[in-house]
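A.B. asks:
Number of protein chains: 2
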Amino acid sequence: MNRISIEKNVYIPMPVTIVGANVEGKPNFMTAVWVSRVNSNPPMIAVAIGKEHYTSKGIFENNTFSINVPAQDLLVETDYCGLISGKERDKSQLFEFCYGVTGTAPMIKDCPISMECKLVQTVELPDNHLFIGEIVRVAAYDFFLRGGSPDYKKIHPLLMTLPDSNYWSLGEHIGDAHKIGKFMKVNV
Amino acid sequence: MNRISIEKNVYIPMPVTIVGANVEGKPNFMTAVWVSRVNSNPPMIAVAIGKEHYTSKGIFENNTFSINVPAQDLLVETDYCGLISGKERDKSQLFEFCYGVTGTAPMIKDCPISMECKLVQTVELPDNHLFIGEIVRVAAYDFFLRGGSPDYKKIHPLLMTLPDSNYWSLGEHIGDAHKIGKFMKVNV
Numbered sequence: 001m002n003r004i005s006i007e008k009n010v011y012i013p014m015p016v017t018i019v020g021a022n023v024e025g026k027p028n029f030m031t032a033v034w035v036s037r038v039n040s041n042p043p044m045i046a047v048a049i050g051k052e053h054y055t056s057k058g059i060f061e062n063n064t065f066s067i068n069v070p071a072q073d074l075l076v077e078t079d080y081c082g083l084i085s086g087k088e089r090d091k092s093q094l095f096e097f098c099y100g101v102t103g104t105a106p107m108i109k110d111c112p113i114s115m116e117c118k119l120v121q122t123v124e125l126p127d128n129h130l131f132i133g134e135i136v137r138v139a140a141y142d143f144f145l146r147g148g149s150p151d152y153k154k155i156h157p158l159l160m161t162l163p164d165s166n167y168w169s170l171g172e173h174i175g176d177a178h179k180i181g182k183f184m185k186v187n188v
Numbered sequence: 189m190n191r192i193s194i195e196k197n198v199y200i201p202m203p204v205t206i207v208g209a210n211v212e213g214k215p216n217f218m219t220a221v222w223v224s225r226v227n228s229n230p231p232m233i234a235v236a237i238g239k240e241h242y243t244s245k246g247i248f249e250n251n252t253f254s255i256n257v258p259a260q261d262l263l264v265e266t267d268y269c270g271l272i273s274g275k276e277r278d279k280s281q282l283f284e285f286c287y288g289v290t291g292t293a294p295m296i297k298d299c300p301i302s303m304e305c306k307l308v309q310t311v312e313l314p315d316n317h318l319f320i321g322e323i324v325r326v327a328a329y330d331f332f333l334r335g336g337s338p339d340y341k342k343i344h345p346l347l348m349t350l351p352d353s354n355y356w357s358l359g360e361h362i363g364d365a366h367k368i369g370k371f372m373k374v375n376v
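Keeping their order, the protein sequence lines are chains A and B.
All residue numbers in the first sequence are consecutive under this note's numbering, ending with 188.
All residue numbers in the second sequence are consecutive under this note's numbering, ending with 376.
(1) Using CA coordinates, which residue listed in 205(B), 199(B), 303(B) is at the minimum distance from residue 39(A)?
(2) Closer than 7 Å by beta-carbon distance: list the chain B residues that pair up with residue 5(A), in chain order.
(3) In angstroms, rounded to a whole number, what distance separates the CA positions of residue 238(B) and residue 41(A)?
(4) DSSP puts residue 203(B) in a beta bridge; with which residues?
(5) Please check the pair residue 13(A) and residue 161(A), which I expect to be a contact at CB under 8 Å, by giving their CB distance rounded to whole angstroms.
(6) Based on Cα-Cα distance, which residue from 125(A), 127(A), 137(A) lies nearest to residue 118(A)?
(7) I want to verify the contact list: residues of chain A whose CB lies under 9 Å from the CB of residue 301(B), in sequence order.
(8) How would you list, in chain order, the residues of chain B whose beta-carbon sits under 7 Å from the beta-carbon of residue 180(A)?
(9) With 7 Å as the C-beta to C-beta threshold (strictly closer), list the residues of the region 336-365 of chain B near chain A in chain order.
(10) Using a Cβ cut-off of 9 Å, which residues of the region 22-39 of chain A contact any Cβ in chain B, in chain order?
(11) Determine the DSSP secondary structure at residue 81(A), reduced to helix, strand or coil.
(12) At least one CB of chain B closer than 8 Å to the CB of residue 127(A): is that the case?
(13) May I have the straight-line CA-CA distance separating residue 286(B) from residue 297(B), to the nearest angstrom?
(14) Between which two residues does the alpha helix (DSSP H) containing residue 371(B) stretch?
(15) Establish whether the CB of residue 142(A) and some CB of chain B are separated by less than 8 Å.
(16) How should residue 342(B) be labelled, buried or exposed, when 16 other C-beta atoms within 10 angstroms of its C-beta is the threshold for buried?
(17) Considering only their Cβ atoms, is the gap separating residue 61(A) from residue 9(A) smaller than 8 Å?
(18) Could you please give the first and the last residue of the uninterrupted alpha helix (DSSP H) stretch that includes residue 214(B)?
(19) Going by beta-carbon coordinates alone, are residue 168(A) and residue 366(B) separated by less than 8 Å?
(20) Among residues of its own chain, excluding the 5 on either side of residue 289(B), which ones have a beta-carbon nearer than 7 Å to its beta-carbon?
(21) In the DSSP assignment, what residue or residues form a beta bridge with residue 310(B)?
(22) Report the residue from 7(A), 95(A), 48(A) whose alpha carbon sits nearest the alpha carbon of residue 195(A).
(23) Report the neighbours of residue 51(A) on chain B: residues whose CB is nearer than 7 Å to its CB, in chain order.
(24) Return the bridge partner residues of residue 255(B) from the DSSP annotation.
(25) Is residue 45(A) near residue 148(A), with beta carbons less than 8 Å apart?
(26) Where does the unbroken beta strand (DSSP E) through residue 62(A) begin, and where does it stop?
(27) Applying a beta-carbon distance threshold of less than 8 Å, which residues of chain B neighbour residue 15(A)?
(28) Just curious, the beta strand (DSSP E) that residue 366(B) is in, first and last residue?
(29) Excluding sequence positions up to five away, which residues of its chain have a Cβ less than 6 Å from the Cβ of residue 311(B)?
(30) Looking only at C-alpha atoms, which of 79(A), 57(A), 150(A) sits nearest to residue 368(B)?
(31) With 8 Å as the threshold, decide whether the Cβ of residue 123(A) is near any Cβ in chain B.
(32) In whole angstroms, what separates the C-alpha of residue 264(B) from that of residue 299(B)?
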């Protein structure tokens, strides 16, 4: 094997989510994979969205958004939300949705988990706005929980890799985190 | 199924990476799962790290860090790096490493892919620093590439879920992104 330099715009495996935001009073939904939790207390999540995206406009209008975790049964709808802009097509009827405590962040009832977020900070990057939201409420179906938390083996979440543009399922359990590394303690 | 409110500190499936940073001139490695690409041009990646973490100290010292993508064969070492702080234990000999163009971001040669990053912005959050880095160079083994880009089916990356603390493999290919949603166009 040779170690070589490759294209810098390289990707890691990415969790697939759908961002919900009201734009001009109407729900819009956009697939987002550049998303990560960023703070525990209070719980915060960040999502990077193109500055020209319709969803960015909505987040600035209301300072609220939702992060929804779709399951495999929404694969086609999820891909559609990443292909077509709300500027071109009305996506408000694509899913059953509801509002929570903020009143302006449409949450997808067809998704196992929806996080309702209040915008706390926007970081302006060259291409994107990085929206950092405080998670103010999480709605989930009891069926997809284990001990009160999401059970991703049941949820069948989507993962994406780029630039090959593939969706993947979550695979097999391969180890217990914060545990198997303990075996190294004696050796290092 | 009942839709209920659950604990707000909820997680999505997370890609597992190892952050490399020199602290007081010596490499340190820390497992990080709150990581996401955030900008395309120039390519940027963000990682949220606890303010008190040893790695944060190193990133501030040099304004550089690396993001390394471990494969399943490094599962135990990866978990170890998330369990033990560099304050307690010297982790500099845990991996074979090298430096790139910055000279201060230790990259793990045992990982299929390593990104060398220059710090461009630090966002201070209540618990964490969100470090945003420009990816200035990516090193990879040709064996793990397809068409010049990472082939994650070959790489066998790690994913993590919390609070159940499980590691998962990447699963099966379940669809072509930016493609299967086209079938919806006629219906919506």
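Every residue, glycine too, gets a C-beta built ideally from N, C-alpha and C.
Only a predicted model underlies this, so the values are computations on that prediction, with no experimental measurement involved.
C.D. replies: In this structure, then:
(1) Along the first sequence, read from residue 1 onward, the residue named residue 39(A) stands at position 39. When only C-alpha atoms are compared, the closest one is 199(B).
(2) Residue 5(A) sits at position 5 when you count from the first residue of the first sequence. Residues of chain B passing the Cβ test: 325, 326, 327.
(3) Within the second sequence, residue 238(B) is the residue found at index 50, counting from 1. Within the first sequence, residue 41(A) is the residue found at index 41, counting from 1. Each residue's Cα considered, the two are about 11 Å apart.
(4) Here residue 203(B) is taken as the residue at index 15 of the second sequence, counted from 1. Beta-bridge analysis with DSSP links residue 203(B) to 347(B).
(5) Locating residue 13(A) in the first sequence gives position 13, where the first residue counts as 1. Locating residue 161(A) in the first sequence gives position 161, where the first residue counts as 1. So it is a contact: roughly 6 Å between Cβ atoms.
(6) By one-based count along the first sequence, residue 118(A) stands at place 118. Comparing Cα-Cα distances from residue 118(A) to each of 125(A), 127(A), 137(A), the minimum goes to 137(A).
(7) Position 113 of the second sequence holds residue 301(B). Ordered by position in chain A, the residues that pass the 9 Å Cβ test against residue 301(B) are 6, 10, 12.
(8) Locating residue 180(A) in the first sequence gives position 180, counting from the first residue. Ordered by position in chain B, the residues that pass the 7 Å Cβ test against residue 180(A) are 263, 264, 267.
(9) Result list: 336, 337, 338, 340, 345, 347, 348, 349, 351, 352, 353, 354, 355, 356, 357, 358, 359, 360, 361, 362, 363, 364, 365.
(10) The residues in question are 31, 33, 34, 35, 36, 37, 38, 39.
(11) Indexing the first sequence from 1 puts residue 81(A) at position 81. Assigned with DSSP and collapsed to three states, residue 81(A) falls in helix.
(12) Translated into positions along the first sequence, residue 127(A) becomes position 127. It does: the Cβ of residue 127(A) has a partner Cβ on chain B nearer than 8 Å.
(13) Taking the first residue of the second sequence as 1, we reach residue 286(B) at position 98. Taking the first residue of the second sequence as 1, we reach residue 297(B) at position 109. Approximately 7 Å, taken between the alpha carbons.
(14) Within the second sequence, the letter at position 183 stands for residue 371(B). Per DSSP, residue 371(B) lies in no alpha helix (DSSP H) segment and is marked neither H nor E.
(15) Position 142 of the first sequence holds residue 142(A). Contact of residue 142(A) with chain B is assigned, a C-beta pair being separated by under 8 Å.
(16) The count along the second sequence starts at 1 and reaches residue 342(B) at position 154. That one is exposed.
(17) The residue labelled residue 9(A) in the question sits at position 9 within the first sequence. The residue labelled residue 61(A) in the question sits at position 61 within the first sequence. With contacts defined as CB atoms closer than 8 Å, residue 9(A) and residue 61(A) fail to qualify as a contacting pair.
(18) One-based indexing of the second sequence puts residue 214(B) at position 26. Residue 214(B): not part of any alpha helix (DSSP H); member of the beta strand (DSSP E) spanning 214-220, first to last residue.
(19) Along the first sequence, read from residue 1 onward, the residue named residue 168(A) stands at position 168. Along the second sequence, read from residue 1 onward, the residue named residue 366(B) stands at position 178. Taking the C-beta atoms as reference points, residue 366(B) is found no nearer than 8 Å to residue 168(A).
(20) Your numbering for residue 289(B) matches position 101 in the second sequence. So the list reads 304, 324, 325, once near-sequence residues are dropped.
(21) Here residue 310(B) is taken as the residue at index 122 of the second sequence, counted from 1. In the DSSP output, where bridge partners are listed per residue, residue 310(B) has 319(B).
(22) Residue 195(A) is absent from the model: chain A starts at 1 and stops at 188.
(23) The sequence position of residue 51(A) within the first sequence is 51, counting from 1. Going along chain B, no residue has its Cβ under 7 Å from residue 51(A), so there is no contact; the nearest lies around 10 Å.
(24) Taking the first residue of the second sequence as 1, we reach residue 255(B) at position 67. As computed with DSSP, residue 255(B) is found in a beta bridge with 207(B), 303(B).
(25) Indexing the first sequence from 1 puts residue 45(A) at position 45. Indexing the first sequence from 1 puts residue 148(A) at position 148. Cβ atoms of residue 45(A) and residue 148(A): not closer than 8 Å.
(26) Here the question's residue 62(A) lines up with position 62 in the first sequence. That residue, residue 62(A), is in no beta strand (DSSP E); its alpha helix (DSSP H) goes 54-62.
(27) Numbered from its first residue, the first sequence carries residue 15(A) at position 15. Below the 8 Å Cβ cutoff, chain B contributes 200, 201, 202, 203 as neighbours of residue 15(A), in chain order.
(28) Taking the second sequence and counting its residues from 1, the one referred to as residue 366(B) is at position 178. Counting along the chain, residue 366(B) falls outside any beta strand (DSSP E), and DSSP gives it neither H nor E.
(29) Within the second sequence, numbered from 1, the residue matching residue 311(B) stands at position 123. If you ignore the 5 residues before and after residue 311(B), its C-beta comes within less than 6 Å of the C-beta of 318, all in its own chain and listed in chain order.
(30) For the purposes of this step, residue 368(B) is taken as residue 180 along the second sequence, with counting starting at 1. The option with the nearest alpha carbon to residue 368(B) is 79(A).
(31) Mapped onto the first sequence, residue 123(A) falls at position 123. Nearest CB-CB separation between residue 123(A) and chain B: below the 8 Å threshold.
(32) The residue labelled residue 264(B) in the question sits at position 76 within the second sequence. The residue labelled residue 299(B) in the question sits at position 111 within the second sequence. So the two alpha carbons sit approximately 13 Å from each other.
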